[in-house]
Each structure stands twice: as C-alpha cells, then as structure tokens.
Amino acid sequence: MSKAAVPVTGATTIIAGATGKLGQLIVRRLAALKQPVRILTRRPDAARRLFGESVQIAVGDFGDRTSLDTAVRDGARLLLLSPISARLVTDQISAVDAAVAAGVRRIVKISGSDWTIDPPGHSISGDAHAAVERHLNSLALDTVSLRPNAWMQVSLANTVRQAIATDKVAAANPDAGVGYIDARDIADVAVDQLLADTVTGRTLNLTGPDIVSARQLADLLSTTLKRRFAVVEKPPLAASGDADFEHRAIAQFARLIAAGRAATTTDVVKSLLGRPPRSVAAFISEHAAAEAALTE
Numbered sequence: 003m004s005k006a007a008v009p010v011t012g013a014t015t016i017i018a019g020a021t022g023k024l025g026q027l028i029v030r031r032l033a034a035l036k037q038p039v040r041i042l043t044r045r046p047d048a049a050r051r052l053f054g055e056s057v058q059i060a061v062g063d064f065g066d067r068t069s070l071d072t073a074v075r076d077g078a079r080l081l082l083l084s085p086i087s088a089r090l091v092t093d094q095i096s097a098v099d100a101a102v103a104a105g106v107r108r109i110v111k112i113s114g115s116d117w118t119i120d121p122p123g124h125s126i127s128g129d130a131h132a133a134v135e136r137h138l139n140s141l142a143l144d145t146v147s148l149r150p151n152a153w154m155q156v157s158l159a160n161t162v163r164q165a166i167a168t169d170k171v172a173a174a175n176p177d178a179g180v181g182y183i184d185a186r187d188i189a190d191v192a193v194d195q196l197l198a199d200t201v202t203g204r205t206l207n208l209t210g211p212d213i214v215s216a217r218q219l220a221d222l223l224s225t226t227l228k229r230r231f232a233v234v235e236k237p238p239l240a241a242s243g244d245a246d247f248e249h250r251a252i253a254q255f256a257r258l259i260a261a262g263r264a265a266t267t268t269d270v271v272k273s274l275l276g277r278p279p280r281s282v283a284a285f286i287s288e289h290a291a292a293e294a295a296l297t298e
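Numbering (the working numbering) for the sequence shown: 3 to 298.
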C-alpha cells in the first residue's frame, strides 16, 4: 500500500463484482484491514459462503436501479467491476450514477487493458470500457480507472495448464511478448487506490515487471519442470459473425496480443506499492507446484 493509502475505519466500500476471482481478492484484503465492505450481488448464498459474516450483502442487479440505490446508500467508495458483456456500458454507468446520487466520494474502476482501449476501434470490450471511463472523467469526484495489461490468472494460466498437459506451448505468434500482471497485484493496487488520500491520476496502466513471449514461456517451463516444452504455432483465434459479445471480444484480444500490442511494461505497481510486481517466473513456479500436487 502506498504511503498515501491510510485506511479510514467506518467508511463503507461498495464492491460490485465481489464473487469473481479478482473481486474476492479485493474483498478479503479490505476485510483484513478491518474496512467495512458491502457487496452488490445476485447470488447472496454464494457470497455468504465465500465471505461469511465479514461483509454486508446487498442483493441486487445492475439493471435494477432500486437495488443499486440500496446497495450504495451511505457508501464512501465504489469498486466497479463486471464481466465482459454487451451490457457492460449500460450496467456500469447505472452503478456509477446511483453512486453519485448517493454521495459516494470515490470510484475505482477495473477497466480494460490499455492496448484494447487506445487506439479505439480494435476491441469491442475496450471501446465499452472507454465509454465508461469517459463518463467517469466527466464527474466532479475522485475516479480512477485501472487498466490491467493481461491477467496471469486468466490467459497465462490456461496456456500453462495446456502446456503441462501436452508439453507444448501454442501461440499464434510465438515471438509476441506480453507484460502479464498477477491478479494479486491488481487487487493490491485497487485497495491502495480505494483507501489513499487521493487517487493517482485518471487512468493507471498496470503490468508485470517483464515482457514474456511464448518462446520464453516454453524456456521457463522447461527450466522449472525439468523437461522440454516445444513451441507450436497455431491459427489466430477467430469468432464467427454470430458469436456472442464475449467470444468476439476474446478473439479480438488474441489477435491484438499476436500483433504485439500487449508487449509493454510500466512502473506503476512498484511506484504505488513500494515493491516490484510478481513475475511470470514466480507465477509459473506456483502454478506448476499446484498442478503437480493435484496429480499426486
């Protein structure tokens, strides 16, 4: 947590998207800091199993303004997170507007990757996040949009899992690098920005410490697991014209990554948290150990 991040006990943080992988990490970090948390969820039973009595639960939905108003009432901060969908813009702006009407003072948004947003027109997901960011930037309150580059726990975890099963690392462009970021670092930055005295700018581009290509990933796996991993080129991921929003968005991500758009690093995580972000090598070691334990 940055020097500016001073927890303020009693100021409730509203979490939209708490039951997903990243949302769970953020909620548990806030709870560990004794911060009051209220989560908006359509699945109260699942939320209670995850968090017990450590959080308040507001049952509701982005499409139900009454439930949104109830969820954000008396809240000080909002963490805005929702899955990729055709309703992302409408849902998130509805939550933002409810928060503004309730007097929420700060909104931290988990946005799209910087390379999906700028330049526009190459990613339906990035364009949707950009629309929400523009709305946030028009408001007279503290807002910050976090743009994680590429999550280790999503795309990289799938690649590693398949590689361990086949001894092959498959990629559309084996030489295209990615500045992967660990979801735990995203969560740490989100908590930092929720609790800091002031947010750090309007947008923050979050990456890991290094750029790793599929070829380098194969080398890391070979070193870690002490067996050879081959690199295999595969056709670019494609989505048919009648595919749903999520599948079209994922296909676009794959094409942009293959084009080298995700090959970037920043020092944002280190400057905010006072430590370097977790590396791909460390993630692979953890993931490989977990996979090995499952097979024992």
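All residues carry an ideal CB built from backbone N, CA and C; glycine is no exception. These numbers were taken from a predicted model, which means no experiment stands behind them.
Helix, strand or coil: which one does DSSP assign to residue i?
i	result
ALA232	strand
PRO150	strand
LYS5	Because the pLDDT at LYS5 is just 41, under 50, the model does not fix this residue reliably, and the value given afterwards should be weighed accordingly. Three-state DSSP puts LYS5 in coil, outside helix and strand.
LYS272	helix
LEU42	strand
LYS23	helix
LEU258	helix
ILE59	strand
THR267	coil
ALA174	coil
VAL282	helix
ALA245	coil
THR118	helix
ASP66	coil
VAL180	strand
ARG277	coil
ALA240	coil
THR168	helix
LEU52	helix
ARG30	helix
VAL156	helix
VAL10	Annotation note: pLDDT 47 at VAL10 (below 50); position unreliable, coordinate value reported separately. Of the three classes helix, strand and coil, the one that applies to VAL10 here is coil, per DSSP.
ALA251	helix
ALA290	helix
ASP47	helix
Checking the sheet assignment: what are the DSSP bridge partners for residue i?
i	result
VAL162	Paired residues: none, contrary to the question.
LEU35	Answer is none; LEU35 lacks a bridge partner.
LEU206	LEU148
Can you give me the start and stop residues for the alpha helix (DSSP H) that residue i sits inside?
i	result
ARG217	216-227
ASN139	126-139
Between the options, which has its C-alpha nearest residue i's C-alpha?
i	options	result
VAL156	ASN175, ALA174 and ILE183	ILE183
GLU288	LEU258, VAL39, LEU82 and ALA159	ALA159
SER69	ARG44, ARG50, ARG89 and VAL57	ARG44
PRO279	THR200, TRP153, ALA167 and LYS36	TRP153
PRO238	ARG230, LEU258, PHE247 and ASP244	LEU258
LEU274	THR267, LEU206 and GLU235	LEU206
ALA174	ARG136, VAL234 and ILE95	VAL234
ASP63	GLY105, ALA240 and LEU83	LEU83
ASN151	LYS236, ALA256 and GLY25	ALA256
ARG51	ALA245, SER147, GLN26 and GLY276	GLN26
ASP169	ALA88, LEU219, VAL39 and ALA261	LEU219
ASP144	ILE119, ALA103, ILE126 and GLY203	GLY203
ASP199	PHE247, ARG30, ALA88 and ARG108	ARG108
VAL57	VAL106, ILE41, GLY65 and LEU24	ILE41
ALA292	SER115, ASP120, ASN139 and THR226	THR226
HIS131	ARG149, LEU141 and SER140	ARG149
VAL91	THR21, ARG136 and GLN254	ARG136
PRO38	PRO46, PHE53, ASP47 and LEU24	PHE53
May I ask which residues mark the beginning and end of the beta strand (DSSP E) holding residue i?
i	result
LEU196	From DSSP, LEU196 is part of no beta strand (DSSP E) but of the alpha helix (DSSP H) over 185-197.
ALA18	15-18
Legend entry - Complete alpha helix (DSSP H) runs within the stretch 68-113 (minimum length 4 residues, chain order): The alpha helix (DSSP H) runs of length 4 or more contained entirely in the stretch 68-113 are, from start to end of the chain, 90-104.
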